[in-house]
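Quick notes on the structure that follows.
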Amino acid sequence: MPPKQHQNPKARSILGELVSFDTVSNQSNMALIDFITTYLSRYGIQATLIRDETCTKANLFATIGPSDCGGLMLAGHTDVVPVENQDWATDPFHMEERSKRLYGRGTCDMKGFVAVVLAAVPMLANTGLRRPIHLAFTYDEETGCFGGKALARHLEQLEIRPAWCVVGEPTGMAVVNGHKGKLSVDCHVHGAEGHSAYIDKGVNAVEIAAEIVVRLRAIQDQLRYEGPFDNRFDPPFTTTHTGKFQGGIARNIIPKDCRFEFEIRNLPDQDASKVIAEVRTYINDTLLPEMQTVAPHSEIEIHIQSEIPALVPDDESHILRVALQLTGTNRPEQISFTTEAGLYQGIGVPTIVCGPGHIDQAHKPDEFVALDQISLCGKFLDELIATNDRA
205 MPPKQHQNPK
215 ARSILGELVS
225 FDTVSNQSNM
235 ALIDFITTYL
245 SRYGIQATLI
255 RDETCTKANL
265 FATIGPSDCG
275 GLMLAGHTDV
285 VPVENQDWAT
295 DPFHMEERSK
305 RLYGRGTCDM
315 KGFVAVVLAA
325 VPMLANTGLR
335 RPIHLAFTYD
345 EETGCFGGKA
355 LARHLEQLEI
365 RPAWCVVGEP
375 TGMAVVNGHK
385 GKLSVDCHVH
395 GAEGHSAYID
405 KGVNAVEIAA
415 EIVVRLRAIQ
425 DQLRYEGPFD
435 NRFDPPFTTT
445 HTGKFQGGIA
455 RNIIPKDCRF
465 EFEIRNLPDQ
475 DASKVIAEVR
485 TYINDTLLPE
495 MQTVAPHSEI
505 EIHIQSEIPA
515 LVPDDESHIL
525 RVALQLTGTN
535 RPEQISFTTE
545 AGLYQGIGVP
555 TIVCGPGHID
565 QAHKPDEFVA
575 LDQISLCGKF
585 LDELIATNDR
595 A
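Residue 262 in our numbering sits at position 58 of the sequence shown, and the numbers go up by one each step.
Shown next, in the form of structure tokens:
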């Protein structure tokens, strides 16, 4: 059994290093991945890199211990959200400690968990593990879990997959066994431009796009008041949300183009594609005939940017029972934000979500993780690793 260890000072030091890498999703994460690869190599651990098609980003997958059984996978993402137009008190890519909190972009979401995992490596490397510990760090989680999808494909090809998995997203160290799915959609309305004095001779793309958004709002109201409902989630229904809207070039020109982005966060037992089907029906039956009567070549494009599966609650999984026992809680929680956990569950790896920090501290200026959360995570992982070795 691996011995207990105190990893807070080392975790803090590693977290400072991780924060210093600007891994906003539109940037390469290779410098951070190289840092982790070099760190692991000091302890004789070889990492496999799974690169994206541009070769500017990569997942890292490494196994510590034997390769003839499944073992435990500790998973997290390396990318962070942007800092532009946020009012930070300090440099977001230089970690600072104040009032028992560690401030910096990614300290909470989710480099804090990655740092605690890496801090455990020296102990793991010098212990004769009977069952392996797998480290899985991905790219582009924030923009659609693209790295997680590539990692899931890699795991599917392994002769022996991990037996269970913890995704260390910030849950306040609560044990989570279910979350909503997410469908991200881009819409492009192609109209017909012209002089605004002659609106009957053009197709106003902004106004057509606005009608689709209003339709989405109506669908949301129906879901809010009629369900289906699952009271384990907050809110307890599937949601829609329009997050970006751009169109037009001048007040007196009928806009030819308009683009907007929306999302659907679906309950695990509700199919998000049904919402898209309803939107397409409205477009094809109502909007396009009106548009094409004026301009036959006008059209509306719907593009699925990414689809992330829900984590379906599994109250009988071994990893859940172990995690509840180790954290001293009686029942798991469910969350409405989406993680990579559903991807790993989807290939047959029982998965939970449990990590340091709270989601309401993420994606904001002056993001932070409390030091006591780092300590709780270290204790949890120590005990989980020991349990894994006894399994």
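The beta-carbon is built from N, C-alpha and C at its ideal position, and this holds for glycine as well. All of these numbers come straight from a predicted model, not from anything done at the bench.
Inset, instruction - Could you spell out where the beta strand (DSSP E) holding N330 opens and where it closes? - result: Here N330 belongs to no beta strand (DSSP E), and DSSP marks it neither H nor E.
Legend entry - Cα-Cα separation, L427 to F297: 40 angstroms
Inset, instruction - Assign C581 to one of two classes, buried (16 or more other C-beta atoms within 10 Å of its C-beta) or exposed (fewer than that). - result: buried
Legend entry - Coil, strand or helix - H562 by DSSP: coil
Legend entry - Segment limits, alpha helix (DSSP H) that includes G220: N212 to V223
Inset, instruction - Drop a sphere of 10 angstroms on the beta-carbon of H281, count the other beta-carbons inside from all chains shown, and report buried for 16 or more, exposed for fewer. - result: buried
Legend entry - Ranges of the alpha helix (DSSP H) found wholly within the region 515-584, counting only runs of at least 4: 522-531 and 545-550
Inset, instruction - Would you tell me roughly how many angstroms separate the C-alpha atoms of S271 and R484, rounded to the nearest one? - result: 48 angstroms
Legend entry - Proximal residues to C312 (C-beta, below 6 angstroms), its chain only, five neighbours per side dropped: P374, G561, Q565, A566, E571 and V573
Inset, instruction - Give me whichever residues DSSP pairs with I512 in a beta bridge. - result: K386
Legend entry - the region 372-388 contacting the region 468-480, beta-carbon criterion three pairs below 8 angstroms: yes
Legend entry - Span separating the alpha-carbon of R525 from that of G451: 51 angstroms
Inset, instruction - Evaluate V479 with the Cβ neighbour count: other Cβ atoms within 10 Å of its Cβ, from every protein chain shown; 16 or more gives buried, anything less gives exposed. - result: buried
Legend entry - Euclidean distance between Cα positions of H394 and V417: 15 angstroms
Inset, instruction - Return yes when the Cβ of I403 is within less than 8 angstroms of the Cβ of I458, no when it is not. - result: yes
Inset, instruction - Return helix, strand or coil for Q450, following the three-state DSSP convention. - result: strand
Inset, instruction - Compute the Euclidean distance between the alpha carbons of R436 and S540, then round it to the nearest angstrom. - result: 10 angstroms
Inset, instruction - Please look up how many angstroms separate the CB atoms of L154 and V379, rounded, as I've assumed it's under 8 angstroms. - result: Because the chain is modelled from 205 through 595, residue 154 falls outside the range shown and cannot be assessed.
Inset, instruction - Could you say which of A476, A413, N230 and E587 lies nearest to T444 if we only look at CA atoms? - result: A476
Inset, instruction - Give the straight-line distance between the Cα atoms of G316 and M377, rounded to the nearest whole angstrom. - result: 12 angstroms
Legend entry - Any alpha helix (DSSP H) of 4 or more consecutive residues that is wholly inside the region 386-447: 409-430
Legend entry - the region 227-244 contacting the region 319-332, beta-carbon criterion three pairs below 8 angstroms: yes
Inset, instruction - Please list, in chain order, all residues of the same chain as V285 whose beta carbon is under 6 angstroms from its beta carbon, the five residues on each side excluded. - result: E346 and H567
Inset, instruction - Quick one: grab the DSSP three-state call for D256. - result: coil
Inset, instruction - Note the first and the last residue of the continuous alpha helix (DSSP H) segment covering H358. - result: F350 to E360
Inset, instruction - Quickly, what does DSSP pair H501 with across the bridge? List them, please. - result: DSSP output for H501 lists no bridge partner at all.
Inset, instruction - Could you tell me whether the region 347-358 touches the region 542-550, using the rule of 3 or more Cβ pairs below 8 angstroms? - result: yes
Inset, instruction - Check the DSSP bridge columns for E465 and list the partner residues they point to. - result: D390 and K448
Inset, instruction - Work out the CA separation of P366 and S229 for me, nearest whole Å. - result: 27 angstroms
Inset, instruction - Mind the definition here: the region 548-555 touches the region 482-500 only if three or more C-beta pairs lie below 8 angstroms; say whether that holds. - result: no
Inset, instruction - In the DSSP assignment, find the unbroken alpha helix (DSSP H) run with R484 in it and report its ends. - result: S477 to Y486
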